[in-house]
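To start, the structure itself, in structure tokens.
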Amino acid sequence: MKRVLFLIVLLISTYLFEIVFLYPGNITDEAYYYRETPQVSVTNTTIYKNDLQHYYKIIKTVEKTNFDSLNKKISNNQNIVIQNFNSSIESIINEITINLTLYNFEKFRQNNHGIKGIYVNGYDMNNEKKMDNIKNILVQTNVNTLVLDVKTDNGHILFDSEISEVAELNNERIKYDTATLNDLKKLKEIYLIGRVVVFQDPLFANTFREEAVFDSKKNNIYSQNNQYFLDPSSKKVREYTINIAVEACKLGFDEIQFDYVRYPDSNYKYMVFKENSDFENRVKNINNFLSKARELLNNEGCLVSADIFGYVLTNKLDGGIGQNLETIINNVDFISPMVYPSHYSNGSYGYTNPNNHPYEIVSAALSDGLKRGVNEVQIRPFLQGFWHTIKDVQENIEAAENKNLDWLIWNNSSVYQLDYFSKLES
Numbered sequence: 099m100k101r102v103l104f105l106i107v108l109l110i111s112t113y114l115f116e117i118v119f120l121y122p123g124n125i126t127d128e129a130y131y132y133r134e135t136p137q138v139s140v141t142n143t144t145i146y147k148n149d150l151q152h153y154y155k156i157i158k159t160v161e162k163t164n165f166d167s168l169n170k171k172i173s174n175n176q177n178i179v180i181q182n183f184n185s186s187i188e189s190i191i192n193e194i195t196i197n198l199t200l201y202n203f204e205k206f207r208q209n210n211h212g213i214k215g216i217y218v219n220g221y222d223m224n225n226e227k228k229m230d231n232i233k234n235i236l237v238q239t240n241v242n243t244l245v246l247d248v249k250t251d252n253g254h255i256l257f258d259s260e261i262s263e264v265a266e267l268n269n270e271r272i273k274y275d276t277a278t279l280n281d282l283k284k285l286k287e288i289y290l291i292g293r294v295v296v297f298q299d300p301l302f303a304n305t306f307r308e309e310a311v312f313d314s315k316k317n318n319i320y321s322q323n324n325q326y327f328l329d330p331s332s333k334k335v336r337e338y339t340i341n342i343a344v345e346a347c348k349l350g351f352d353e354i355q356f357d358y359v360r361y362p363d364s365n366y367k368y369m370v371f372k373e374n375s376d377f378e379n380r381v382k383n384i385n386n387f388l389s390k391a392r393e394l395l396n397n398e399g400c401l402v403s404a405d406i407f408g409y410v411l412t413n414k415l416d417g418g419i420g421q422n423l424e425t426i427i428n429n430v431d432f433i434s435p436m437v438y439p440s441h442y443s444n445g446s447y448g449y450t451n452p453n454n455h456p457y458e459i460v461s462a463a464l465s466d467g468l469k470r471g472v473n474e475v476q477i478r479p480f481l482q483g484f485w486h487t488i489k490d491v492q493e494n495i496e497a498a499e500n501k502n503l504d505w506l507i508w509n510n511s512s513v514y515q516l517d518y519f520s521k522l523e524s
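Mapped onto the numbering used here, the consecutive letters of the sequence shown carry residue numbers 99 to 524.
Next comes the structure, spelled out in structure tokens:
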């Protein structure tokens, strides 16, 4: 908060500095121009014959003076001053915004003993039975965060958007608005995260085919298990996704979480990208997207996170998908590694059936990430809320909390048991 107050003082000081000092500084050239140009002197009323030659010289000087050019020079310098001033003000306001956002986030974490969240499938927002259960969990347990779809795996936008591509794609499937989000916040002080699927979008891929990954063998856009991937280097894809995210931020979300922010997880050799799919390009394209998104969203008052594969915590490169731990962590506020025990192959961390050892698998995976120097606050894992017993889910949570980490639970059907979570004291 001290940082925010300092920035506000700096903002006021900058304004005064511009008015009192910078503006005159910028018109130094004008003053020099006037000084070097012979000026019309103020004369006495009485003109003597001997002074006529002198006044003729003055008249000639006035005739030669290009007043249009002089006025233009003054105007240009004034514009430069205004532009510099506006740029300075905008920069300070952006810094105030992000510092206030971080302050409010940390205050929320401290008041609520960390982020403890569950994923809600956006299509379930109109399912009264499921939403009643979600609301009951919020009211009765320590769960204080919801992850809600903004842009889905199907390419649908779940709120009323004004983006031109949305009209062209006809992909709105409105499930909520600002009032809906506010109603959730009235139940309890909660933190709202908007999930945005990035480089997997069947509607966008089939409409803007030149922006999709191409399959040279089939001479068609590439698909993988009915998923259609977009080229991560595509400017059109990036701008569209970021614009959706900014709209969602303004709608009332506290954070935007990017999912499928990666290349296809396949060794299929016939995939064709606009840029060669090597380690350098993959990592560059993923991080360029996240960096730009974070800059714009932070300026709007939203924090930014990215879902990553669990093995990224262990793999020192990018796993062929563009997700490299050491670089991606510098371009988001948080990462959510999906450390689902069921997704680890047999033998991982010495366990024949990893899904039967949730505590051990989650603990080992998170340790791999922490050993690589990632700050505890920045790792907020997605834990398994499916194919598990109540005790298994509790062990997932325990593994994260024993490392002082926040957590989120994933269940694609939005189905959670009250007993997964710690009850609030009455």
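The beta-carbon is built from N, C-alpha and C at its ideal position, and this holds for glycine as well.
Where residue i falls: helix, strand or coil (DSSP)
i           : result
residue 243 : strand
residue 297 : coil
residue 326 : strand
residue 466 : helix
residue 344 : helix
residue 493 : helix
residue 321 : strand
residue 414 : coil
residue 471 : coil
residue 289 : strand
residue 311 : coil
residue 334 : helix
residue 516 : helix
residue 270 : strand
residue 316 : coil
residue 178 : helix
Host alpha helix (DSSP H) of residue i (start-end)
i           : result
residue 435 : Counting along the chain, residue 435 falls outside any alpha helix (DSSP H), though it belongs to the beta strand (DSSP E) covering 432–436.
residue 218 : Unbroken run through residue 218 is the beta strand (DSSP E), 214–218; no alpha helix (DSSP H).
residue 356 : Per DSSP, residue 356 belongs to no alpha helix (DSSP H); it is in the beta strand (DSSP E), 353–357.
residue 281 : 276–285
residue 236 : 226–238
residue 454 : Here residue 454 belongs to no alpha helix (DSSP H), and DSSP marks it neither H nor E.
residue 387 : 377–398
residue 262 : 262–267
residue 424 : 423–426
Alpha-carbon to alpha-carbon, residue j and residue i
i           : j           : result
residue 287 : residue 379 : 42 angstroms
residue 383 : residue 509 : 29 angstroms
residue 242 : residue 332 : 36 angstroms
residue 205 : residue 212 : 10 angstroms
residue 334 : residue 340 : 10 angstroms
residue 472 : residue 177 : 45 angstroms
residue 523 : residue 516 : 14 angstroms
residue 497 : residue 276 : 35 angstroms
residue 330 : residue 322 : 16 angstroms
residue 369 : residue 233 : 44 angstroms
residue 474 : residue 393 : 22 angstroms
residue 361 : residue 429 : 17 angstroms
residue 514 : residue 414 : 34 angstroms
residue 518 : residue 490 : 9 angstroms
residue 194 : residue 184 : 15 angstroms
residue 499 : residue 235 : 19 angstroms
residue 325 : residue 476 : 29 angstroms
residue 487 : residue 455 : 12 angstroms
residue 188 : residue 261 : 24 angstroms
residue 371 : residue 309 : 9 angstroms
residue 435 : residue 461 : 12 angstroms
Span of the beta strand (DSSP E), counted from its first residue to its last, around residue i
i           : result
residue 407 : 401–407
residue 256 : Segment: none, residue 256 is in no beta strand (DSSP E) and carries neither H nor E.
residue 481 : 480–482
residue 507 : 505–508
Expected contact under 8 angstroms - CB spacing of residue i and residue j to nearest Å
i           : j           : result
residue 388 : residue 203 : Not a contact, Cβ separation roughly 18 angstroms.
residue 346 : residue 437 : Contact flag wrong, Cβ pair sits at about 26 angstroms.
residue 396 : residue 426 : With 8 angstroms as the limit, residue 396 and residue 426 do not qualify as a contact, their Cβ atoms being about 16 angstroms apart.
residue 349 : residue 305 : Their Cβ separation, rounded to whole angstroms, is 24 angstroms, which puts residue 349 and residue 305 out of contact at 8 angstroms.
residue 465 : residue 433 : About 15 angstroms separates the two Cβ atoms, so there is no contact after all.
residue 358 : residue 264 : Wrong, their Cβ atoms sit about 18 angstroms apart, outside the cutoff.
residue 569 : residue 446 : Outside the shown range of the chain, which is 99 to 524, sits residue 569, and nothing can be said about it.
residue 424 : residue 478 : Actually they are not in contact, since the Cβ atoms of residue 424 and residue 478 sit about 18 angstroms apart, beyond 8 angstroms.
residue 273 : residue 256 : 4 angstroms
residue 245 : residue 218 : 7 angstroms
residue 520 : residue 210 : Between residue 210 and residue 520 the Cβ distance is about 12 angstroms, and since that is not below 8 angstroms, they are no contact.
residue 279 : residue 299 : Not confirmed; about 23 angstroms, so no contact.
residue 405 : residue 356 : 7 angstroms
residue 336 : residue 319 : Between residue 319 and residue 336 the Cβ distance is about 18 angstroms, and since that is not below 8 angstroms, they are no contact.
residue 302 : residue 253 : 6 angstroms
residue 222 : residue 512 : 4 angstroms
residue 493 : residue 457 : 4 angstroms
Exercise. Should the segment 277–292 be called in touch with the segment 315–324, which here means at least 3 C-beta pairs below 8 angstroms?
Worked result: no
Exercise. Any contact of the segment 393–411 with the segment 450–457, i.e. 3+ C-beta pairs under 8 angstroms?
Worked result: no
Problem set entry | Contact the segment 265–285 vs the segment 483–502: 3+ CB pairs below 8 angstroms | no
Exercise. Three or more C-beta pairs closer than 8 angstroms, one from the segment 498–509 and one from the segment 193–200: is that the case here?
Worked result: no
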